[in-house]
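In full-length UniProt numbering, the protein residues as written are 1 to 126.
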């Protein structure tokens with residue numbers, strides 16, 4: 001290959017996601033998004049949705065759009081229609097977030113082993 005030819009850059013660290021957001025800002029956004037999620041509670045369970053393990057995935061895109069995959073403790077949950085809006089409102093209030101998209105999924109189904117130790121203690125399941 002001559003010096004004039006473009007070299008393709010290959011990242012051997014497969015699976016690592018690179019962000020256009022500066023690391024310090026990304027860390028702050030991540031912390032603030034998690035803090036916002038911890039303000040949302042299932043009205044029937046005295047623990048927040050983050051500690052309950054209802055949040056499966058949080059993606060912060062380069063344009064600061066936040067995409068969240070979440071579930072409920074049961075598909076027939078009485079707040080199933082409202083919970084995504086609560087999450088969208090809480091995370092949308094985080095400084096720097098340009099928008100929020102919440103996707104509900106039941107695959108894999110939620111199980112109590114997804115709960116944090118904090119949630120287990122709150123529910124008396126320790």
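Every residue, glycine too, gets a C-beta built ideally from N, C-alpha and C.
Outcome for residue i when other beta-carbon atoms lying within 10 angstroms are tallied against a minimum of 16
i	result
residue 100	buried
residue 117	exposed
residue 31	exposed
residue 23	exposed
Residue i versus the options, residue with shortest Cα-Cα distance
i	options	result
residue 38	86, 121, 98 and 124	86
residue 41	95, 84 and 63	84
residue 29	107, 104, 66 and 45	66
residue 60	103, 26, 104 and 123	26
residue 109	92, 64 and 55	55
residue 64	111, 92 and 121	92
residue 160	90, 98 and 62	This structure does not reach residue 160, given that the chain is present from 1 up to 126, and the question cannot be answered.
Supposed contact pair residue j and residue i - C-beta distance, whole angstroms, cut 8 Å
i	j	result
residue 33	residue 58	6 Å
Own chain residues within Cβ distance below 6 Å of residue i, not counting five before or after
i	result
residue 51	116, 118 and 119
residue 94	32, 33 and 36
residue 53	114 and 115
Contacts around residue i, its chain only, beta-carbon distance under 8 Å, and the 5 residues preceding and following it disregarded
i	result
residue 106	71, 72 and 75
residue 123	45, 46, 47 and 115
Cutoff 7 Å; reference residue i; Cβ partners in own chain excluding five residues on either side
i	result
residue 43	79
residue 69	56, 57, 103 and 105
Backbone secondary structure at residue i - three-state DSSP
i	result
residue 95	coil
residue 55	strand
residue 115	coil
residue 121	helix
residue 44	coil
residue 60	strand
residue 82	coil
residue 21	coil
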